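Quick note: the first sequence uses the numbering used here, first residue 193, plus one each step.
We treat Cβ as the ideally placed atom computed from N, Cα and C, and that holds for glycine.
Here the structure is a predicted model, which is why all the values come from computation and not from measurement.
Contents: one structure, followed by commentary.
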Amino acid sequence: MSTDEKLTKPYNPKDTEPRIYDLWEKSGYFSPNRLGRENAEPYTIIMPPPNANGSLHAGHAVFVTIEDLIIRYQRMRGKRALWLPGADHAGFETQVVYEKKLEKEGRTRFGMDRDELYKEILTFTLSNKEFMENQLRQLGASCDWSREKFTLDPKVIDIVYDTFEQLYKDGLAYRGSRSINWCTKHQTSLSELETMSVDREDPLYYMKFGPFTLATVRPETKFGDTALAVNPTDERYKEWVGKEIEFEGLIGTIKLRVIADDYVDKTFGTGVVKITPAHDPNDFAVAQRHNLAVVEVIDQFGKLNEKCGKYAGLKVEEARKIVAEDMKKVGMLVKVDEKYKHAVKVCYKCERTLEPRVLPQWFVRMKPLAEAVIPLVEDETIKFYPDHYKKIMLHWLRNIEDWNVSRQIVWGIPIPVWYRDDEIIVSKDSPVGEDWIKETDTFDTWFSSGQWPFATLGYPDEPDYKNFYPTQVMETAGEIIFFWVARMIMFGKYRTGKLPFKDVYLHGIVTARDGKKMSKSKGNVISPIELSDKYGTDALRMGLIIGNTPGTTTALYEEKIRAYKLFANKLWNVSRYVSDNTEETIAKPRLTEEDEALIKELNGVIHSTTKNLDNYRFYIAAEELYHYVWHNFADIIIEQSKSKLKSEDKVIIESKNYTLRYILMTCLRLLHPFMPFITEEIWQTINYNPSILMVEEWPKA
RNA sequence: GCACCUUUAGCUCAGUUGGUUAGAGCGCGCCGUUCACAUCGGCGAGGUCUGAGGUUCGAACCCUCAAAGGUGCACCA
Numbered sequence: 193m194s195t196d197e198k199l200t201k202p203y204n205p206k207d208t209e210p211r212i213y214d215l216w217e218k219s220g221y222f223s224p225n226r227l228g229r230e231n232a233e234p235y236t237i238i239m240p241p242p243n244a245n246g247s248l249h250a251g252h253a254v255f256v257t258i259e260d261l262i263i264r265y266q267r268m269r270g271k272r273a274l275w276l277p278g279a280d281h282a283g284f285e286t287q288v289v290y291e292k293k294l295e296k297e298g299r300t301r302f303g304m305d306r307d308e309l310y311k312e313i314l315t316f317t318l319s320n321k322e323f324m325e326n327q328l329r330q331l332g333a334s335c336d337w338s339r340e341k342f343t344l345d346p347k348v349i350d351i352v353y354d355t356f357e358q359l360y361k362d363g364l365a366y367r368g369s370r371s372i373n374w375c376t377k378h379q380t381s382l383s384e385l386e387t388m389s390v391d392r393e394d395p396l397y398y399m400k401f402g403p404f405t406l407a408t409v410r411p412e413t414k415f416g417d418t419a420l421a422v423n424p425t426d427e428r429y430k431e432w433v434g435k436e437i438e439f440e441g442l443i444g445t446i447k448l449r450v451i452a453d454d455y456v457d458k459t460f461g462t463g464v465v466k467i468t469p470a471h472d473p474n475d476f477a478v479a480q481r482h483n484l485a486v487v488e489v490i491d492q493f494g495k496l497n498e499k500c501g502k503y504a505g506l507k508v509e510e511a512r513k514i515v516a517e518d519m520k521k522v523g524m525l526v527k528v529d530e531k532y533k534h535a536v537k538v539c540y541k542c543e544r545t546l547e548p549r550v551l552p553q554w555f556v557r558m559k560p561l562a563e564a565v566i567p568l569v570e571d572e573t574i575k576f577y578p579d580h581y582k583k584i585m586l587h588w589l590r591n592i593e594d595w596n597v598s599r600q601i602v603w604g605i606p607i608p609v610w611y612r613d614d615e616i617i618v619s620k621d622s623p624v625g626e627d628w629i630k631e632t633d634t635f636d637t638w639f640s641s642g643q644w645p646f647a648t649l650g651y652p653d654e655p656d657y658k659n660f661y662p663t664q665v666m667e668t669a670g671e672i673i674f675f676w677v678a679r680m681i682m683f684g685k686y687r688t689g690k691l692p693f694k695d696v697y698l699h700g701i702v703t704a705r706d707g708k709k710m711s712k713s714k715g716n717v718i719s720p721i722e723l724s725d726k727y728g729t730d731a732l733r734m735g736l737i738i739g740n741t742p743g744t745t746t747a748l749y750e751e752k753i754r755a756y757k758l759f760a761n762k763l764w765n766v767s768r769y770v771s772d773n774t775e776e777t778i779a780k781p782r783l784t785e786e787d788e789a790l791i792k793e794l795n796g797v798i799h800s801t802t803k804n805l806d807n808y809r810f811y812i813a814a815e816e817l818y819h820y821v822w823h824n825f826a827d828i829i830i831e832q833s834k835s836k837l838k839s840e841d842k843v844i845i846e847s848k849n850y851t852l853r854y855i856l857m858t859c860l861r862l863l864h865p866f867m868p869f870i871t872e873e874i875w876q877t878i879n880y881n882p883s884i885l886m887v888e889e890w891p892k893a
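In structure tokens form, the structure reads like this:
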């Protein structure tokens, strides 16, 4: 078939892209083992594993585009390029998604058999995983499918267990009864990162407790009070410290000891605080210092329990009003500030107020882990793009607190712990002997994700770990810098002694056109897959790169993608022109001065594209290539060539013939990482003996 | 409360270490094209680079202050 017939018009991405992807996948070049570069420098990117619980969204499309761009560039630079794909079981997130599905079906997870529920979610996740993998293919991801990992792979779980055991042995993982964030809807505890603070206006009640008046927004927790506290320097209450007061409450006589603690602010309210250790984290801390009893009066569903007498069974919000009214009746209520502004912690998923509860949970002591990496962030052994994330990271690392890794959900990796009376064994294997009870809690998803780089590469013995760890760059969303990036850095250093990557590139959130975050409820969600279907993946990719600077939000909208579809069309037609009007030559002819100048100009483009890609300035590189191809190559060089190719002078014709082809081939190479499908298709068509562009050499200036 | 980000053409955004008339895409106006172009080309209008000071021979870019929008962290009942 002649090139004229194959480069027909117009370019049709929908027919081309799957065919080209298939060509790549079958070539085996996604795997570094097949590149025939045993001695070449490795270049590794570990893919942030998408949650296997739904369709890919715009944020996924950004990371696929940028990471694929980087890995294609490095592959063309001759590196042993590995982009390792994965999928995340996404514990809590998936459980929430699945619960919604159950709700729609009129079912609920509560009361379901644990194993049954686990199996259902597993089936759901595995089918989503396959769906998601095909979407990654559609977006052109040149990742090594033979190395794909799932967060629930037995090998991955083994490594996670080893880490937990080691943390336990080192005294960094411990079981403790501490005040934790409890979501009454999702019936699990959450880490600090999974909470959000929201500003609220609530009534502040001033209550009379014996000789004192004190302020609280939560009168309903009074049944769990175990002390009153004042500031040790507060002259007003000095005589009371250490004494016990007794007075009539709503459900009987109350006896409370008065203690002194610096935590109390003399200037707030009346300077007296009731201490409710079970239902307030600050009060819990006070209780620990003073050895106070912890009395739970609110249950896991956010209802007052049997210790609250006639108020038992009431929900917290109802109880608050009723208790306040009753106190008013008996004269305990002194006054109410109706609009007291304060912040409340809510569940980041359902936005319900979190109930602090004291429960035995597993915690990881993060301070030592953080201290080991702080100097390496400070001296930029690990470098952030954009660099202001360095400050954000350091601030967080310096103020890090213990991490609650226990979740009361079935969908996750079970915490490998066994209990018998007072004995605790941390082990992935069942202990010998009778009567051991297995822990039912699962790990916070991020506990396992935090080990992803070395877990996927098979730490400590597998060849991949030796060949590809540490990796070069972690490219992910800025919003998960604490959830994920910080933990990978700390766990990577802790387990392997090395930082898991050299550079961290953080892209911003993709928003709708109006700059608002996309959300189903706002109805402004744009599907990257639909855009790819409509305009082609190459156009989508260009639209996601150009104008996308790291760390800032990027708006995605249809017109933008359409514009790059036109660019793809332009490139296609440029190629048709060159194909129709020039011939492939073997030897380089003598070039005219004009053509020498054009090649020199092209060299400038090669130089700056290379430099920009080396410095993660994809947006500039893409824009420059766009501009060069369209407004230089097409508008000027090709237009001027039309008369030159009709010249009588053979030297001029041969020179132009060579130059046009040379420029086109170079542009295809330069554009390949950005627009892999169309460039490969043209490459395949225009060369008599086509190689695969994906593994062609990057041009040199 | 503390920190960080953003503020450049009607819209969405670039502008790499401060250096000549500040750029792109979309949109808009006029003209021309089907001879690579399910189109494209040419020309054009449109910006006191949020504001006020300062540093400098020179500032969209560096410093100080302020304003608006956004995000994160913390929070005392």
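Suppose only complete runs of 3+ residues qualify. What are the beta strand (DSSP E) ranges in the stretch 700 to 765, listed by chain order?
The beta strand (DSSP E) runs lying completely inside the stretch 700 to 765 and spanning 3 residues or more number zero.
Looking at C-beta atoms only, is the number of pairs between the stretch 240 to 248 and the stretch 273 to 284 that lie closer than 8 Å three or more?
Contact holds: three or more Cβ-Cβ distances are below 8 Å.
With distances taken between CB atoms, is the gap from Pro-865 to Tyr-203 smaller than 8 Å?
Within the first sequence, numbered from 1, the residue matching residue 865 stands at position 673. Within the first sequence, numbered from 1, the residue matching residue 203 stands at position 11. Not in contact: Pro-865 and Tyr-203 (Cβ atoms no closer than 8 Å).
If I measure Cβ to Cβ from Ile-212 and keep anything under 7 Å in the same chain, skipping five residues before and after, which residues do I get?
Position 20 of the first sequence, counted from the first residue, corresponds to residue 212. Excluding sequence neighbours, Ile-212 sits near Phe-869, Glu-872 and Glu-873.
Per the contact definition of three or more C-beta pairs closer than 8 Å, is the stretch 357 to 373 in contact with the stretch 543 to 558?
Verdict: yes, contact present.
Put Asn-225 into one of helix, strand or coil per three-state DSSP.
Within the first sequence, numbered from 1, the residue matching residue 225 stands at position 33. Residue state for Asn-225 is assigned as helix, using DSSP reduced to three classes.
Considering only the beta carbon of each residue, do Ala-452 and Ile-467 sit closer than 8 Å?
Residue 452 sits at position 260 when you count from the first residue of the first sequence. Residue 467 sits at position 275 when you count from the first residue of the first sequence. No, these two residues do not count as a Cβ contact at 8 Å.
From which residue to which residue does the beta strand (DSSP E) around Val-609 run?
The residue you call residue 609 lines up with position 417 of the first sequence. It spans 609 to 612 - the beta strand (DSSP E) in which Val-609 sits, taken as one unbroken run.
Quick check: the Cα distance between Leu-837 and Tyr-854, rounded to an integer number of angstroms?
Stepping through the first sequence from its first residue, residue 837 is reached at position 645. Stepping through the first sequence from its first residue, residue 854 is reached at position 662. Their backbone Cα atoms lie some 15 Å apart in a straight line.
For the alpha helix (DSSP H) that contains Met-324, what are its first and last residues?
By one-based count along the first sequence, residue 324 stands at place 132. 306 to 330 is the span of the alpha helix (DSSP H), which, as asked, contains Met-324.
Quick check on Arg-267: does DSSP put it in helix, strand or coil?
Residue 267 sits at position 75 when you count from the first residue of the first sequence. Of the three classes helix, strand and coil, the one that applies to Arg-267 here is helix, per DSSP.
Leu-448 and Asp-417 closer than 8 Å at C-beta
On the first sequence, residue 448 is found 256 positions in, with the first residue counted as 1. On the first sequence, residue 417 is found 225 positions in, with the first residue counted as 1. Their beta carbons are under 8 Å apart, which means Leu-448 touches Asp-417 by this criterion.
Taking contact to mean at least 3 C-beta pairs separated by less than 8 Å, is the stretch 386 to 403 in contact with the stretch 576 to 595?
no
Can you tell me whether Leu-359 is buried or exposed, with buried defined as 16 or more other CB within 10 angstroms of its CB?
Translated into the one-based positions of the first sequence, residue 359 becomes position 167. Label assigned to Leu-359: buried.
How close, in whole Å, do the beta carbons of Pro-469 and Val-550 come, if the pair is a contact with beta carbons under 8 Å?
As a working mapping, residue 469 is identified with position 277 in the first sequence. As a working mapping, residue 550 is identified with position 358 in the first sequence. Their Cβ separation, rounded to whole angstroms, is 7 Å, which keeps Pro-469 and Val-550 in contact under 8 Å.
In whole angstroms, give me the CA-to-CA distance for Thr-703 and Thr-445.
Position 511 of the first sequence, counted from the start, is the residue given in the question as residue 703. Position 253 of the first sequence, counted from the start, is the residue given in the question as residue 445. The straight-line gap from Cα to Cα measures roughly 58 Å.
Report the option in Thr-802, Ile-845 and Ala-511 whose CA atom is closest to the CA atom of Val-909.
No statement about residue 909 is possible, as the shown extent of the chain runs from 193 to 893 and does not include it.
Mind the definition here: the stretch 709 to 716 touches the stretch 772 to 788 only if three or more C-beta pairs lie below 8 Å; say whether that holds.
Output reads no: the stretch 772 to 788 does not touch the stretch 709 to 716.
Residue nearest to Trp-676 in terms of C-alpha spacing, selected from Gly-642, Val-887 and Glu-815
Working through the first sequence from its first residue, we reach residue 676 at position 484. Checking every option, the nearest Cα to that of Trp-676 belongs to Gly-642.
Any idea if Lys-341 is buried or exposed, counting beta-carbon neighbours within 10 angstroms, 16 or more meaning buried?
Here residue 341 corresponds to residue number 149 of the first sequence, with the count starting at 1. Looking at its Cβ environment, which holds 16 or more other Cβ atoms inside 10 Å, Lys-341 is buried.
By the DSSP assignment, the beta strand (DSSP E) with Ile-511 in it spans what residues?
To locate residue 511, count along the first sequence from 1; it is residue 319. Position check: residue 511 holds Ala in this sequence, whereas Ile was assumed. Not the beta strand (DSSP E): Ala-511 falls in the alpha helix (DSSP H), residues 508 to 521.
Does DSSP classify Glu-259 as helix, strand or coil?
Against the first sequence, residue 259 aligns to sequence position 67. Glu-259 falls in the helix class under three-state DSSP.
Need the endpoints of the alpha helix (DSSP H) that Tyr-686 sits in, please.
As a working note, residue 686 is residue 494 in the first sequence. Counting along the chain, Tyr-686 sits inside the alpha helix (DSSP H) bounded by residues 679 to 688.
Pairing CB atoms from the stretch 628 to 646 with CB atoms from the stretch 599 to 607, are three or more of them under 8 Å?
yes
In angstroms, rounded to a whole number, what distance separates the CA positions of Ile-673 and Phe-759?
Your numbering for residue 673 matches position 481 in the first sequence. Your numbering for residue 759 matches position 567 in the first sequence. Their Cα atoms are separated by approximately 35 Å.
Looking at the secondary structure, which residues open and close the beta strand (DSSP E) in which Asn-373 lies?
Taking the first residue of the first sequence as 1, we reach residue 373 at position 181. Here the beta strand (DSSP E) through Asn-373 covers 365 to 375.
So who's on the other strand from Lys-292, going by DSSP bridges?
Locating residue 292 in the first sequence gives position 100, where the first residue counts as 1. DSSP output for Lys-292 lists no bridge partner at all.
With Glu-412 and Leu-496 assumed to form a contact (beta carbons below 8 Å), what rounded beta-carbon distance in angstroms separates them?
On the first sequence, position 220 is the one that residue 412 refers to. On the first sequence, position 304 is the one that residue 496 refers to. Indeed they touch by this definition, with Cβ atoms about 7 Å apart.
Give me the Cα-Cα distance between Leu-805 and Gly-298, rounded to the nearest whole angstrom.
Locating residue 805 in the first sequence gives position 613, counting from the first residue. Locating residue 298 in the first sequence gives position 106, counting from the first residue. For Leu-805 and Gly-298, the distance between alpha carbons rounds to 52 Å.
Given 8 Å, three or more beta-carbon pairs between the stretch 374 to 391 and the stretch 537 to 544
yes
Endpoints, beta strand (DSSP E) assigned at Val-486:
On the first sequence, residue 486 is found 294 positions in, with the first residue counted as 1. Note, Val-486: premise wrong, no beta strand (DSSP E); not H, not E.
Could you give the first and the last residue of the continuous beta strand (DSSP E) run that contains Leu-274?
Along the first sequence, one-based indexing puts residue 274 at 82. Element bounds for Leu-274: 272 to 276.
Three-state secondary structure (DSSP) at Thr-286?
Residue 286 sits at position 94 when you count from the first residue of the first sequence. Here Thr-286 sits in helix by DSSP.
Inspect the beta-carbon positions of Arg-229 and Gly-220 and report whether they are closer than 8 Å.
On the first sequence, position 37 is the one that residue 229 refers to. On the first sequence, position 28 is the one that residue 220 refers to. Taking 8 Å as the Cβ cut-off, Arg-229 and Gly-220 do not qualify as a contacting pair.
Limits of the alpha helix (DSSP H) - the one that Leu-496 falls within
To locate residue 496, count along the first sequence from 1; it is residue 304. Premise fails: Leu-496 is in no alpha helix (DSSP H) and is neither H nor E.
6 Å CB neighbourhood of Lys-187 in its chain, flanking five on each side removed
For the chain, the structure presents residues 193 to 893; residue 187 sits outside this window and is missing.
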